[in-house]
Amino acid sequence: MSDNQTKEPKIKGGSFVIEKADLDRILTPEDFTEEHRMIAETVRDFIDGEVVTRDEEIEKLNYDLTVELLRKAGDLGLLGADVPEEFGGIGLDKVSSTIISESLAKGSSFALSFGAHVGIGTLPIVFFGTREQKEKYLPDLASGTKIAAYCLTEPTSGSDAMSAKTTAVLSDDGEHYILNGSKLYITNAGFADIFIVYAKIDGEHFTAFIVEKEMEGFTLGPEEKKMGIKGSSTRPLYFEDVKVPKENLLGEIGKGHRIAFNILNIGRYKLAAGSVGAAKEAVELSTKYANTRKQFETPISNFPLIRKKLAEMNIRTFAVESMVYRTAGLLDEAMQDIDYTADDAGTLAAAAISDYAIECSINKVFSSENLDVIADEGVQIHGGYGYIQEYKIERLYRDSRINRIFEGTNEINRLLIPGTLVKKALKGELALLQKAQALQNEILQILPNQTFEGVLEQEGHFLEMSKKIFLLVGGLAVQKYGTKLEKEQEVLAGLADMMIDIFALESVLARTNKQASRTSEEKALNMIEMTKVFAYEAFLRVESVAKELLTTIESGDMLRMQLSVLKKLTRSNPVNTNQYKRSIAARVIHNERYTV
1 MSDNQTKEPK
11 IKGGSFVIEK
21 ADLDRILTPE
31 DFTEEHRMIA
41 ETVRDFIDGE
51 VVTRDEEIEK
61 LNYDLTVELL
71 RKAGDLGLLG
81 ADVPEEFGGI
91 GLDKVSSTII
101 SESLAKGSSF
111 ALSFGAHVGI
121 GTLPIVFFGT
131 REQKEKYLPD
141 LASGTKIAAY
151 CLTEPTSGSD
161 AMSAKTTAVL
171 SDDGEHYILN
181 GSKLYITNAG
191 FADIFIVYAK
201 IDGEHFTAFI
211 VEKEMEGFTL
221 GPEEKKMGIK
231 GSSTRPLYFE
241 DVKVPKENLL
251 GEIGKGHRIA
261 FNILNIGRYK
271 LAAGSVGAAK
281 EAVELSTKYA
291 NTRKQFETPI
301 SNFPLIRKKL
311 AEMNIRTFAV
321 ESMVYRTAGL
331 LDEAMQDIDY
341 TADDAGTLAA
351 AAISDYAIEC
361 SINKVFSSEN
371 LDVIADEGVQ
381 IHGGYGYIQE
391 YKIERLYRDS
401 RINRIFEGTN
411 EINRLLIPGT
421 LVKKALKGEL
431 ALLQKAQALQ
441 NEILQILPNQ
451 TFEGVLEQEG
461 HFLEMSKKIF
471 LLVGGLAVQK
481 YGTKLEKEQE
491 VLAGLADMMI
501 DIFALESVLA
511 RTNKQASRTS
521 EEKALNMIEM
531 TKVFAYEAFL
541 RVESVAKELL
551 TTIESGDMLR
561 MQLSVLKKLT
571 RSNPVNTNQY
581 KRSIAARVIH
591 NERYTV
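If you use full-length UniProt numbering, the sequence shown corresponds to residues 1 to 596, in order.
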């Protein structure tokens with residue numbers, strides 16, 4: 001781009017519900033560069049060669065081994081992907097760090113230890129640290145010489161992080177903050193050296209601190225006995241008059257929430273990236289098993305119901321993958337020009353990340369719930385063997401469950417998704433309310449389109465109508481409840497589910513259209529068929545949720561009128577999804593892995 005050209009304005013977070021996506025600006029895995037592919041290969045070689053071979057030891061909670069492997073990852077540059085070169089990292093783009101998170105998933109518990117270190121453990125200093133803090137801590141964190149942990153949750157504050165009881169008081173000489181309190185469920189606690197800790201100064205001002213393991217008065221509780229992720233360290237922390245140098249205050253006094261919530265946003269989308277990798281492994285394990293396991297003298301992969309499961313697992317994985325890399329592209333574009341050596345880096349990073357809080361929450365909810373279904377179906381395909389620890393699918397099933405709780409429960413995220421959208425609209429950042437009002441005037445002119453000739457034309461119609469349905473129902477909800485909408489949690493959750501399906505459908509549709517335009521319909525056939533299935537089923541879900549919400553919001557003649565409008569918006573030709581699932585399954589079974 002020449003100097004006299006201006007960059008296109010950044011895509012606003014949440015705008016996908018009211019605007020048509022620009023195909024050229026949606027990143028897909030097919031857009032990866034050769035460097036991206038080399039990074040993925042490097043991580044896979046490391047995981048297969050160093051981690052998987054020592055998997056049993058890691059699962060026995062071998063601290064020394066986990067730290068040794070983290071340092072080896074540091075030697076490869078993997079720990080420094082998000083750390084600027086000036087501070088000892090390699091400063092890769094967000095797509096690269098997303099690829100790393102996905103590719104690590106096969107490492108199970110090690111992947112969690114890695115993710116907690118490079119993500120929520122290190123990024124608070126990358127984004128919000130002073131230059132002195134970055135120079136002091138980041139080189140060691142990027143190399144693995146020191147390991148990081150993130151400390152937010154407390155015994156009485158989980159989803160309500162701002163109700164934290166841990167306190168910090170400035171010492172009489174003004175040189176230290178004295179911390180008292182405790183933290184719970186801290187990943188990497190057993191072997192971490194650096195802890196990002198949140199406390200309230202004078203019991204009031206929520207603030208972040210960098211705490212070192214050696215500081216006097218800082219102690220650890222015993223390891224938690226967990227359902228899954230058994231090879232990761234999870235322990236409580238206790239602070240008894242811990243003296244933290246005033247130079248270790250991170251960010252601004254009373255602005256800890258800005259750090260906490262934005263780091264959680266990044267954590268949510270990185271969790272989704274890990275879910276992509278785990279889902280792909282589940283598809284591969286299940287397909288290979290189905291091809292070798294015989295019943296009634298034939299491989300079970302020949303049975304239609306098993307084939308249907310494999311197809312649906314593949315389609316779900318495709319949808320999550322499409323969404324995750326689209327979000328990585330948005331974050332990349334928003335953050336690529338930030339100078340992390342500058343004093344305003346934290347302000348700019350917070351603005352960029354928070355703008356996509358909706359997308360990050362959507363990724364978290366959709367990926368974690370789909371991975372649970374995929375892992376569950378994987379166990380079912382394995383039958384009794386799926387319940388035996390010797391088979392990896394059993395671990396995938398147990399390990400996946402925490403994802404719906406990590407990084408803010410899915411219930412909390414479902415409230416955040418439409419809640420944040422409405423706040424952006426009220427601030428004038430999105431023309432949501434204007435679009436909803438315009439729809440009321442447009443409804444009478446909408447004519448059902450029953451003739452679809454082009455490839456994926458009907459699927460594009462499903463997306464367009466889904467957005468209108470959301471505007472219809474969301475507009476009525478805002479109109480009826482006003483500022484009290486935040487208390488109508490069932491309505492918010494329903495609106496969130498519609499937004500999730502809209503974002504997922506648009507991501508899938510854009511990816512497939514982009515690929516078909518680059519190659520041919522024949523070469524993109526598997527994508528096209530997966531998109532047809534996903535689009536139809538997503539559209540049916542949107543219709544179902546809309547009916548439920550209209551029945552909640554309206555009654556009597558007004559309800560009947562709105563249901564008739566909904567019926568007009570949901571007219572469509574039925575899709576024989578089983579036909580497509582059969583051919584998708586055939587390709588997956590032939591390849592014995594996730595197939596696009």
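For every residue, glycine included, the Cβ atom is placed at its ideal position computed from N, Cα and C.
Between the alpha carbons of Ala586 and Gln380 lies a distance of about 19 Å.
Residue pairing by DSSP places His176 opposite Pro245 in a beta bridge. Contact between Val83 and Thr122 is confirmed by a C-beta separation of about 7 Å, below the 8 Å threshold. Residue range 194 to 201 is occupied by the beta strand (DSSP E) that includes Ile194. The straight-line gap separating the alpha-carbon atoms of Lys427 and Gly482 is approximately 15 Å.
The residue among Asp497, Asn576, Asp339, Lys134 with its C-alpha nearest the C-alpha of Phe87 is Lys134. Non-local C-beta neighbours of Gly119 in its own chain, meaning closer than 7 Å and more than five positions away in sequence, comprise Ile266, Gly267, Lys270, ordered along the chain.
Residue range 205 to 212 is occupied by the beta strand (DSSP E) that includes Phe206. For Leu433, the enclosing alpha helix (DSSP H) covers residues 432 to 442. According to DSSP, residue pairing for Ile393 in a beta bridge does not occur. By the beta-carbon neighbour count (other beta carbons within 10 angstroms, threshold 16), Ser159 is exposed. Within its own chain, the residues whose Cβ lies closer than 7 Å to the Cβ of Arg25, once the five positions on either side in sequence are excluded, are Ile11, listed in chain order. A straight-line Cα-Cα distance of about 45 Å links Glu592 and Val565. Straight-line measurement puts the Cα of Lys435 at about 28 Å from the Cα of Tyr325.
If you ignore the 5 residues before and after Glu537, its C-beta comes within less than 6 Å of no other C-beta in its own chain. Counting only the Cα atoms, Ser232 lies some 10 Å from Ile186. Put simply, the region 367 to 377 touches the region 312 to 329. At least three CB pairs are less than 8 Å apart. Among the bridge pairs identified by DSSP, Tyr269 is matched with none. In this structure Lys20 is exposed. Its beta-carbon is surrounded by fewer than 16 other beta-carbon atoms within 10 angstroms. For the pair of segments examined, the region 206 to 218 was found not to touch the region 270 to 279: the number of CB pairs separated by less than 8 Å stays below three. Leu485 counts as buried, since at least 16 other C-beta atoms from the protein chains shown sit within 10 angstroms of its C-beta.
Comparing C-alpha distances from Lys308 to each of Thr33, Val533, Ser143, Leu563 shows the shortest one belongs to Val533. Contact between the region 487 to 503 and the region 400 to 408 is absent: fewer than 3 CB-CB pairs across the two stretches fall below 8 Å. Residue pairing by DSSP places Lys183 opposite Leu237 in a beta bridge. With a cutoff of 7 Å on beta-carbon distance, Thr287 and Ile100 are scored as not near each other. Straight-line spacing of the CA atoms in Gly378 and Tyr397 works out to 8 Å. Our two residues, Gly474 and Ser109, have alpha carbons roughly 40 Å apart in a direct line.
The DSSP-derived three-state label of Glu57 is helix. By the C-beta density criterion, Tyr356 is buried, having at least 16 other C-beta atoms within 10 angstroms. In the three-state scheme derived from DSSP, where H, G and I count as helix and E and B as strand, Lys424 is classed as helix.
DSSP places Glu453 in the coil class of the three-state scheme, outside both helix and strand. In this structure the region 252 to 259 does not touch the region 551 to 563; the number of beta carbon pairs closer than 8 Å is below three.
Ranked by Cα distance from Thr577, the first of Arg404, Ala477, Ile528 is Ile528. In this chain, Val17 is not harboured by any beta strand (DSSP E), its DSSP state being neither H nor E. For Ser232, the three-state secondary structure derived from DSSP is coil. For Asn573, the number of other beta carbons within 10 angstroms of its own is below 16, and it is reported as exposed.
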